[in-house]
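Engineer:
Chains as they are written, first to last, in the numbering used here: chain A, 53 to 191; chain B, -18 to 298; chain C, 254 to 796.
#1: Excluding the five sequence neighbours on either side, which residues of its own chain have a C-beta within less than 6 Å of the C-beta of residue 104 of chain A, listed in chain order?
#2: Checking contacts by CB at 9 Å: is residue 71 of chain B closer than that to chain C?
#3: Assess contact between the region 109 to 123 of chain A and the region 64 to 84 of chain A, defined as three or more Cβ pairs (one per stretch) separated by less than 8 Å. Is contact present?
#4: Would you tell me roughly how many angstroms separate the C-alpha atoms of residue 777 of chain C and residue 280 of chain C, rounded to the nearest one?
#5: Over what stretch of residues does the beta strand (DSSP E) that includes residue 568 of chain C continue unbroken?
#6: Compute the distance between the beta-carbons of residue 538 of chain C and residue 632 of chain C, then report whether it is under 9 Å.
#7: Check whether the Cβ atoms of residue 555 of chain C and residue 499 of chain C sit closer than 9 Å, and answer yes or no.
#8: Check whether the region 670 to 681 of chain C and the region 571 to 583 of chain C are in contact - that is, three or more C-beta pairs closer than 8 Å.
#9: Show which residues of chain C have a CB atom less than 8 Å away from the CB atom of residue 372 of chain B.
#10: Just list the residues that DSSP pairs residue 472 of chain C with in beta bridges.
#11: Starting from residue 373 of chain C, trace the beta strand (DSSP E) in both directions and tell me its first and last residue.
#12: Whole angstroms is fine: what's the gap from residue 102 of chain B's alpha carbon to residue 275 of chain B's?
#13: Our contact map puts residue 379 of chain C next to residue 729 of chain C with C-beta atoms below 8 Å; I'd like the distance itself, whole angstroms only.
#14: Taking the straight line between their C-alpha atoms, what separation do you get for residue 761 of chain C and residue 592 of chain C?
#15: Output, in chain order, the set of chain B residues within a Cβ distance shorter than 8 Å of residue 88 of chain A.
#16: Hey, how far is the Cα of residue 360 of chain C from the Cα of residue 106 of chain B?
#17: Any contact between the region 400 to 418 of chain C and the region 121 to 135 of chain A? By contact I mean 3 or more CB pairs, one from each, below 8 Å.
#18: Between the region 208 to 237 of chain B and chain A, which residues of the former have a C-beta closer than 7 Å to a C-beta of the latter?
#19: Can you pull the chain B neighbours of residue 357 of chain C, defined as C-beta to C-beta under 7 Å?
#20: So, with DSSP's three-state summary, where would you put residue 141 of chain A?
#21: Ignore the nearest five residues each way along the sequence and tell me which others in residue 50 of chain B's own chain have a CB closer than 7 Å to its CB.
#22: Can you tell me whether residue 336 of chain C is helix, strand or coil according to DSSP?
#23: Output the boundary residues of the beta strand (DSSP E) element that contains residue 280 of chain C.
#24: Which word fits residue 757 of chain C, buried or exposed, when buried means at least 16 other C-beta atoms lie within 10 angstroms of its C-beta?
#25: Using beta carbons (cut-off 9 Å, strictly below), is residue 143 of chain A in contact with chain C?
#26: Mapping DSSP to helix, strand and coil, what is residue 449 of chain C?
#27: Using 9 Å as the threshold, is the C-beta distance between residue 126 of chain A and residue 96 of chain A below it?
#28: Spatial neighbours of residue 148 of chain A within its chain, please: C-beta separation below 8 Å, excluding the five flanking residues on both sides.
#29: Straight-line CA distance for residue 255 of chain B to residue 263 of chain B?
#30: Expressed to the nearest angstrom, what Euclidean distance is found between the alpha-carbon atoms of residue 564 of chain C and residue 143 of chain B?
#31: Would you list, in chain order, the members of the region 23 to 45 of chain B that have their beta-carbon closer than 8 Å to a beta-carbon of chain C?
#32: Starting from residue 18 of chain B, find everything on chain A with Cβ-Cβ shorter than 7 Å and list it in chain order.
#33: Have a look at residue 427 of chain C and residue 324 of chain C and give me their C-alpha separation to the nearest angstrom.
#34: Taking a contact to mean a Cβ-Cβ separation below 9 Å, would you say residue 33 of chain B touches residue 128 of chain B in this structure?
#35: Using three-state DSSP, classify residue 526 of chain C as helix, strand or coil.
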């Protein structure tokens, strides 16, 4: 019998310690039956990508409050590409102006970005939907 | 599936993505037999060190400190960290990596977090597979960490050849450890955070309890005082681990342990198969009304057993 | 004759519009407060303003004498730019400066450290060395201004740089006035900008206490902060209780380090949040003053009146703002500012409407300041002192706050004090649970937030946002690297070695830090030396 679980890495890049959102999301994803690996604070893009690969997550969720989203998302994406791990989806949330969010998505640096106030159920649903029409997860 | 073959090929080339993918597959119970058939012949030579203890005892920090030492000696390290899955939702938050950050970008350290999930036949089955995949992937030191709170965690610890039980001074950990039944499985005791007051007393308590239980006469579990914060005692701990490994090999205890592990693993598989079959049969038996109210469950079990045997015969024919 | 029984009976016959009436923090509220549930003893529980236990305010005349200080916290990318901005503000008649630092400075990294990548000068000014501090205050007479610095883990270093900068201007340290936030306990509990483990961090703080007593007597050495605890998701009661518990922990640390309580307690100040529930917030501030005065007098034996006074700064709640319909945030901030003023704050920062979207623009900052000015000059709330005293509801809430805080102090004591409670994640778990509960309430629509789960507009964002220049990072990196080539590196090394030796002893670190910054050792270099001796803190995350 298969025992599949959706695995998510909740990553906290940057030097700020605002982890309220990341933790609330982590808890909501757990309550939705997912396995959540929490990176801890102050992670570099290198650390986040290495963790995502070792943990073989389906998806990375970055929480960015420091305003560094325009440098961090492209960097994480680039590292995933270098590791041939582009099948790992990249989403995020935090203080990200709509204009920046649109360009990050348009340029393929993020699949989806959620602003503060987004219900956690919306994020859970988005992940579940994407995982349903998933790429072959294992190959 | 061709994919599995490809990943296995890459595993034996020590590709860490393959390690990660194959772990997911066995954890999700997909193509498990095929994978483990390929993996197992290449494994079994490396002894596994398990680290357990009550929540907050500093297990992850200890794992990190050990890893640092091992890395300085040029060995690679595979770490499995097991955390409980919520029985209500099936989800889990796995946070052990946070305390192992010094090795976060070291490719010779592979850390995998696992939730206990609701694994049929116990979590230990999947954990055993994960460890062996790491070994096949070229990791030469294998560490297994889990919180020591209940029966299922103790079962996981049976996978380790050398079990380290970590306790803290001044917290009543000693008593808790006895209650949880982890005293009996310890090969080495660590009093971590030994910079806090009360560590000598805890050491005496442990020594006294060891005197009373008088377990294995050939190996008396040593008690090591460590302080990760002061970077103290970790090298001594490593020396004790090596001494225990050597003891296991020279005394032949390793073989016995291996046989015990094998017995447990075979039973787990069997148990899983029986349970699966039973679960699929049970609703039918109920609806067939073959069971009168007030019947002794033991008697029902005998009936069920014979039905199951028939089913199995049919399958085999 | 009033007849409670008849009223209750009549009330219960009528329908209520919702199932529960609770505060923002989830505290149930009765339909009516009367002398039965809102009585207070004026003599023992309130007292006149400026009189023990200071429930009605720490000053005799409060805003009749002087309005609260409108202190808008702001960060500008480089020392040069900030300096220009400060000079402009001083010309406009402002007397207090507020320094926001960028994240690398807050975390103890120089601008050219790999970890600083992308964050130099972003949320505040980048200070790598004394050179930057000198630029920051060039042509500003430091005996004429009071400076507030929002800095914690590296507070001793930034303070040392400030003292040396003043000294070079010829201003003796005895004349300096200002505040360093320097509240490391709330970093472990909520804000998470830590560097060293708790024990050596507390030692740095008591070293600052001792040095201030002897050399910088007018400086506020800690701003004990509940703001960040609340932002991390705590309730109002938790904010109050945890902040005061931190305050008492500093008092105990100072006493344990051999200081007299009255030698440093007058220099402790507080920093609270103001959230949306007006009455709950007002009760929180009033209870805070009363608890602090009582404990300082009765438990710690403070004799000086200044040791009993809880003076506080307030910032409106960033976490109450919404990304959709950002203009509504102006209204929210106004109500929050009202609560802070009715609660008797000494100074106030009002948030800008766009802070939940980006760094605020100049326009939105101005609206935020105008919000305070309208409150001060047009509404009449500052015409009399503590106008809500004697309200059955307010007094009942205030008493409830005090009792709730005392119950938390009891639990912290049972865990062995604030530091052991931090190590056991007590505060962190309480806050995480409260944050999650609040989020669930919103998602279940048990709590209505306009624009989030009701009264939603589906329109595009209509305000302009601030853009950040990335050139700043490059120039700041060049600047610190040039400094390392031009300074006397032998002297830097000597002062750093000296610092290392002192860090391993129990001597006061401040003179050694001052020597190192005077030699132009960088912040990162000093922190690295201290890390070697003190180690680094690693969080044990709870959810």
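Each residue gets a CB set at the ideal place from its N, CA and C atoms; glycine is no exception. Note that the coordinates shown come from a computational prediction; the quantities given were computed from them, not determined experimentally.
Structural biologist: Reading from the atomic positions:
#1: Within the first chain, residue 104 of chain A is the residue found at index 52, counting from 1. Closer than 6 Å at the Cβ level, and outside the excluded window around residue 104 of chain A, lie 61, 112, 140.
#2: By one-based count along the second chain, residue 71 of chain B stands at place 90. It does not; no Cβ of chain C falls within 9 Å.
#3: yes
#4: Within the third chain, the letter at position 524 stands for residue 777 of chain C. Within the third chain, the letter at position 27 stands for residue 280 of chain C. Straight-line Cα distance between these residues: approximately 45 Å.
#5: Looking up residue 568 of chain C in the third chain gives position 315. Counting along the chain, the beta strand (DSSP E) containing residue 568 of chain C begins and ends at 565 to 569.
#6: Here residue 538 of chain C corresponds to residue number 285 of the third chain, with the count starting at 1. Here residue 632 of chain C corresponds to residue number 379 of the third chain, with the count starting at 1. No, these two residues do not count as a Cβ contact at 9 Å.
#7: To locate residue 555 of chain C, count along the third chain from 1; it is residue 302. To locate residue 499 of chain C, count along the third chain from 1; it is residue 246. Cβ atoms of residue 555 of chain C and residue 499 of chain C: not closer than 9 Å.
#8: no
#9: The structure shown has nothing for residue 372 of chain B, since chain B only spans -18 to 298.
#10: Along the third chain, read from residue 1 onward, the residue named residue 472 of chain C stands at position 219. DSSP output for residue 472 of chain C lists C:431 as bridge partner(s).
#11: Start at 1 with the first residue of the third chain, and residue 373 of chain C comes out as number 120. No beta strand (DSSP E) contains residue 373 of chain C, which DSSP labels as neither H nor E.
#12: The residue given as residue 102 of chain B occupies position 121 in the second chain. The residue given as residue 275 of chain B occupies position 294 in the second chain. Its pLDDT being 47, under 50, residue 102 of chain B is placed unreliably in this model, and the value from its coordinates should be taken loosely. Distance between the alpha carbons of residue 102 of chain B and residue 275 of chain B is about 29 Å.
#13: Walking along the third chain from the start, residue 379 of chain C turns up at place 126. Walking along the third chain from the start, residue 729 of chain C turns up at place 476. About 5 Å separates the two Cβ atoms, so the contact holds.
#14: Sequence index remark: in the third chain, residue 761 of chain C carries index 508 (1-based). Sequence index remark: in the third chain, residue 592 of chain C carries index 339 (1-based). Approximately 41 Å between the Cα atoms of the pair.
#15: Here residue 88 of chain A refers to the residue found at position 36 of the first chain. Here the neighbours are 72, 73, 74, 75.
#16: Taking the first residue of the third chain as 1, we reach residue 360 of chain C at position 107. Taking the first residue of the second chain as 1, we reach residue 106 of chain B at position 125. Looking at the two C-alpha atoms, the distance is approximately 44 Å.
#17: no
#18: From the region 208 to 237 of chain B, no residue has a Cβ closer than 7 Å to chain A.
#19: As a working mapping, residue 357 of chain C is identified with position 104 in the third chain. Those do not exist, as residue 357 of chain C stays about 18 Å from chain B at its closest Cβ, beyond 7 Å.
#20: By one-based count along the first chain, residue 141 of chain A stands at place 89. Strand at residue 141 of chain A.
#21: Here the question's residue 50 of chain B lines up with position 69 in the second chain. When the five nearest sequence neighbours on each side are left out, the beta carbons in the same chain lying within less than 7 Å of the beta carbon of residue 50 of chain B are those of 215, 216, 219, in order along the chain.
#22: Start at 1 with the first residue of the third chain, and residue 336 of chain C comes out as number 83. Residue state, collapsed to three classes: helix.
#23: As a first step, residue 280 of chain C is located in the third chain; it is residue number 27 there, counting from the start. Per DSSP, residue 280 of chain C belongs to no beta strand (DSSP E) and is neither H nor E.
#24: For the purposes of this step, residue 757 of chain C is taken as the residue at position 504 of the third chain. Label assigned to residue 757 of chain C: exposed.
#25: Mapped onto the first chain, residue 143 of chain A falls at position 91. So no, residue 143 of chain A is outside the interface.
#26: Working through the third chain from its first residue, we reach residue 449 of chain C at position 196. Of the three classes helix, strand and coil, the one that applies to residue 449 of chain C here is coil, per DSSP.
#27: Here residue 126 of chain A refers to the residue found at position 74 of the first chain. Here residue 96 of chain A refers to the residue found at position 44 of the first chain. Going by C-beta atoms, residue 126 of chain A is not nearer than 9 Å to residue 96 of chain A.
#28: Indexing the first chain from 1 puts residue 148 of chain A at position 96. Around residue 148 of chain A: 116, 121, 156, 165, 167.
#29: Taking the second chain and counting its residues from 1, the one referred to as residue 255 of chain B is at position 274. Taking the second chain and counting its residues from 1, the one referred to as residue 263 of chain B is at position 282. Taking the straight line joining both Cα atoms gives about 12 Å.
#30: As a working note, residue 564 of chain C is residue 311 in the third chain. As a working note, residue 143 of chain B is residue 162 in the second chain. Taking the straight line joining both Cα atoms gives about 58 Å.
#31: Against chain C - using a Cβ distance shorter than 8 Å - the residues of the region 23 to 45 of chain B are 37, 42.
#32: Residue 18 of chain B sits at position 37 when you count from the first residue of the second chain. Residues of chain A passing the Cβ test: none, with the nearest at roughly 17 Å.
#33: As a first step, residue 427 of chain C is located in the third chain; it is residue number 174 there, counting from the start. As a first step, residue 324 of chain C is located in the third chain; it is residue number 71 there, counting from the start. Between residue 427 of chain C and residue 324 of chain C, the C-alpha separation is close to 24 Å.
#34: The count along the second chain starts at 1 and reaches residue 33 of chain B at position 52. The count along the second chain starts at 1 and reaches residue 128 of chain B at position 147. For residue 33 of chain B and residue 128 of chain B, yes; Cβs fall inside 9 Å.
#35: Within the third chain, numbered from 1, the residue matching residue 526 of chain C stands at position 273. Collapsing the DSSP output to three states places residue 526 of chain C in a strand.
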